[in-house]
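When you read off a place in the sequence shown, starting at 1, and then add 305, the result is the number in this note's numbering. Glycine residues also receive a C-beta, built at the ideal position from the N, C-alpha and C atoms. Treat the numbers as computed from the prediction; the structure is a model and nothing was measured.
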Amino acid sequence: MKSKQKKLQYKDFKPAIYALVFFAFLMSISFYYSSYKRGIWEKDVRGDLLEVLIGKKSKLEKALSSRIYYTKGVAAFVSIHPEISNDEFYELARQLQRSDSIISTMSLSKDGIINAIYPLEGHEAAIGLNLMEHPERREIVEKTIKTGKTFVAGPLILVEGGIGFISYTPIFKKETPGENHFWGMTDIVIDKNQLFEEAGLTTADNRFQFALKGTDGTGENGSTFWGSESIFANNPVKIKINLPDGNWVLAATPLNGWANLLDQDKTLYFALLLSSLLISLLFWLLLKAQLKVNANEKELKAILNSMHTLIVEYSDQGEYIKIPPTNKALLFRNETELIGKTVQDVFEPELAEKLMIAFQQCLETQELVIVEYPLEIQGTERWFSARISYKSTDRVILNAYEITEQKNIESNLRESEQRFKSLNGVKDKFLSILAHDLRGPVGSFKMLTSIMLSEFGKGDPEKTKRMLSSIHLASANLYDLLDNLLNWSHAQRDSIVISKTKIELFHLCDDAIDSQKVHADLKHIQIINEIPEDQIVFCDQYVTLTILRNLLSNAIKFTPNNGVVKMSTSKVETGDKLYDKISVQDSGVGMSEDQLESIFKLKLSESTVGTNNESGSGLGLSLCKEFIDKQGGRIEIDTVKSGGTTVSIYLPTEMNAKAITNAAKLISST
């Protein structure tokens, strides 16, 4: 009986014994914990603090580099367009600086002298400032020229108030391959407080305090310009903030110092000692809970690895399993409509297939997979980035967040790049036409004047007259070419302003005929003006005269000697719109289908000579189409090979033109 009683007593006190043993164990651990754990604690705190600094470094470098990219973009543009005007720069700066409160100003300094600053208002005094003579900026400018790198100066006190940084980028003009010549500088002023606010920098939070040093990118050798200098003297955790040329140093320490932070573990020690009995009594509950923790460990790990945006759990078949309470505003449909459905039921086939491929890749590799995709929500296309994490052999976790703004920025940058390439192509095409079509007339001048000089005083008057006629014709062709080139260049740069008024069409056509009379007389071509003298059209007089002159020039060029060219007009109604149709009909050689198909494509290699071997640039009809488009009209060509050509332009009537203008204003306002 005694043996059994002792056994029962031992069983009854077994939990208490375990608790006492555990309590004694905790007491012994507590005595030695401080000396042993102090070093590990500090190492862990430093590791945590380093992760905090890495996050702040990433945000600050991203916020800073996205603005520095503006100056590099401006420098790249100016390097291939050194003739950029102030107005063009202001427009470019306005587009880049739009809705960006961090950038205070952007400026352009040709030969180191500020010639343009945006916004100009309030900064007029900076115009004309010579950076090479400025005592504080000369060294920076010389350094950027030597290294070719962007330099971030500051922080410094801004003229307009506040403290900021100035990003200088040198501009080199690319005149010949492999050779760069200094053109000037471009810079932006970045507001320090706005920059740090976007990067999420504060001098202190609940646990740590921060500081920055390295004025003008001098790193460890520079002075502290944000936060307390004492932080760098208190054994801080440090990380470099990389700049295009140099760096800053971001440092951090515990808010109340390392000693106070490490002494906080005493509270934990006493809590462990006092709670050891309670822990012993609850030990069996912990064992029971451990099973559930193990079951949910992978799920919790996958969710924690995802961002707190829209989180969805999918099966390996693409079925919606669970949608945790995150940002459900990003759901494509209501949650009740999605659970139990598959991605094939919800999305378009292309997107559904893309997601299924990503799910399978994640399940096979058990690694994070990232995909981007667009969705049309309430009539608007929105872009999303999804992070797909592995949960189990048949489950994945999708974490999606919106990246529409980022995509729009990328799209705008691509459009700007295409625009830059287009402008460069226009320049090359312009130079090609000059080199190709100026050579003929100028060569004729050289040859004919050489003959006239060698036969001066002894030549045949009739021969001299013929040569003078040839020179006159070549000069007329050259004049038309230069006039077309000038008009075309204006059209490419959108510098022509259309001003429509009521014009007497008969007299406008007479003016066009007079400009081509010399060419027509040389080929004995009769030009007939069948326009009624009281005919009124609503158009831009100068632009329309240029169109008619080019149409007549082409008709004469491709009409054989003793031919006829007619000009006529009529009213034409297309749908609910009324047009004045003006036609130029010739009795010339006409065009083939291939020629008609490429007639408005400016290709130097396909320029066609006239019936008397007249040269041409191919600009005429292309210019006509651009000018008629700018007036809201259209151009049509009716031609038969060896049977003549009729070119017609359609000008909107005054009532129709006003309706088109009002509709355009309405669309713009909405």
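In the pairwise beta carbon analysis, the region 381-394 is classified as not touching the region 440-449: fewer than three pairs are separated by under 8 Å. Bounds of any alpha helix (DSSP H) do not take in residue 437, whose DSSP letter is neither H nor E.
Around residue 809, the same chain offers no residue with a beta carbon nearer than 6 Å, after the five sequence neighbours per side are excluded. Residue 958 and residue 877 have their alpha carbons spaced roughly 10 Å apart. For residue 671, no beta strand (DSSP E) encloses it, and the DSSP letter there is neither H nor E. Between residue 861 and residue 831, the C-beta spacing is not below 8 Å.
Per DSSP, residue 511 lies in no alpha helix (DSSP H) and is assigned neither H nor E. DSSP places residue 557 in the uninterrupted beta strand (DSSP E) bounded by 552-559. Between residue 527 and the set 535, 518 and 533, the nearest pair of CA atoms involves 518.
Of 408, 438 and 675, the smallest CA-CA separation from residue 419 is found for 438. Nearest to residue 524 by C-alpha distance, out of 533, 512 and 544, is 544. Residue 844 is not a Cβ neighbour of residue 928, given a cutoff of 8 Å.
The distance from the Cβ of residue 560 to that of residue 515 is about 10 Å, inconsistent with a contact at the 8 Å cut-off. Annotation for residue 843: the continuous beta strand (DSSP E) segment containing it runs 841-844. Just so you know, the alpha carbons of residue 617 and residue 629 end up roughly 7 Å apart.
Bounds of any alpha helix (DSSP H) do not take in residue 699, whose DSSP letter is neither H nor E. Here DSSP, grouped into helix, strand and coil, assigns residue 828 to coil.
DSSP places residue 877 outside any alpha helix (DSSP H); the residue lies instead in the beta strand (DSSP E), whose first and last residues are 869-879.
In this structure, DSSP gives residue 410 an extended state, which the three-state scheme calls strand. Assigned with DSSP and collapsed to three states, residue 811 falls in helix. Between residue 436 and residue 417, the C-beta gap is smaller than 8 Å, which places the two residues in contact. In the DSSP assignment, residue 679 forms a beta bridge with 688. For the alpha helix (DSSP H) assignment, the region 342-400 encloses no uninterrupted run of at least 4 residues.
Residue environment for residue 700: buried (at least 16 other C-beta atoms within 10 angstroms of its C-beta). Annotation for residue 549: 454 and 455 place their beta carbon closer than 6 Å to its own, counting only its chain and skipping 5 residues before and after.
Contact annotation: residue 814 and residue 836 have beta-carbon atoms nearer than 8 Å. Here residue 669 is actually not in contact with residue 679; their C-beta atoms are around 26 Å apart, not less than 8 Å.
Taken through DSSP and simplified to helix, strand or coil, residue 504 comes out as coil. Fewer than three pairs of CB atoms, one per stretch, sit closer than 8 Å, so the region 716-728 makes no contact with the region 670-677. Take the alpha-carbon of residue 428 and the one of residue 521: they are about 23 Å apart.
Per DSSP, the continuous beta strand (DSSP E) segment holding residue 943 begins and ends at 939-944. Going by C-alpha positions, residue 376 is about 55 Å away from residue 891. With respect to residue 676, residue 696 sits apart: the two C-beta atoms are not nearer than 8 Å. In this chain, residue 838 is not harboured by any beta strand (DSSP E), its DSSP state being neither H nor E. If you draw a straight line from the Cα of residue 868 to the Cα of residue 852, it is about 21 Å long. With fewer than 16 other Cβ atoms from the protein chains shown falling within 10 Å of its own Cβ, residue 713 counts as exposed.
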